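Residue numbers (my numbering): 434 to 510. Data first, discussion second: the structure below is written as structure tokens.
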């Protein structure tokens, strides 16, 4: 992400949603974890980023791309 793109993302969120939805940090993820049926794992990723262990937020066997979950776990630290 360059500064221009990050500013545009923030502006669109502020204009289309509300200022309170603008994130503190914008990070480009290589891919988003998805189920085998293609659904995005929004809640499990949020729980992971809030400190829950990766093996408790989602079953790796139910993911189309389990490595994507690992990336978010590494981001959390």
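Virtual Cβ for every residue (Gly too), placed ideally from N, Cα, C. All values reported here derive from a predicted model rather than from experimental measurement.
- Run of the alpha helix (DSSP H) containing residue 476, from where it starts to where it stops: 475-482
- Item | Pair within 7 Å by beta-carbon distance, residue 447 and residue 455 | yes
- Identify the residues that DSSP records as bridge partners of residue 496: which are they? For residue 496, which the question treats as bridged, DSSP gives the partners 468.
- In angstroms, rounded to a whole number, what distance separates the CA positions of residue 405 and residue 497? There is simply no residue 405 to check, as the chain begins at 434 and stops at 510 in what is shown.
- Rounded straight-line distance, which links the Cα of residue 507 to that of residue 451: Distance between the alpha carbons of residue 451 and residue 507: 29 Å.
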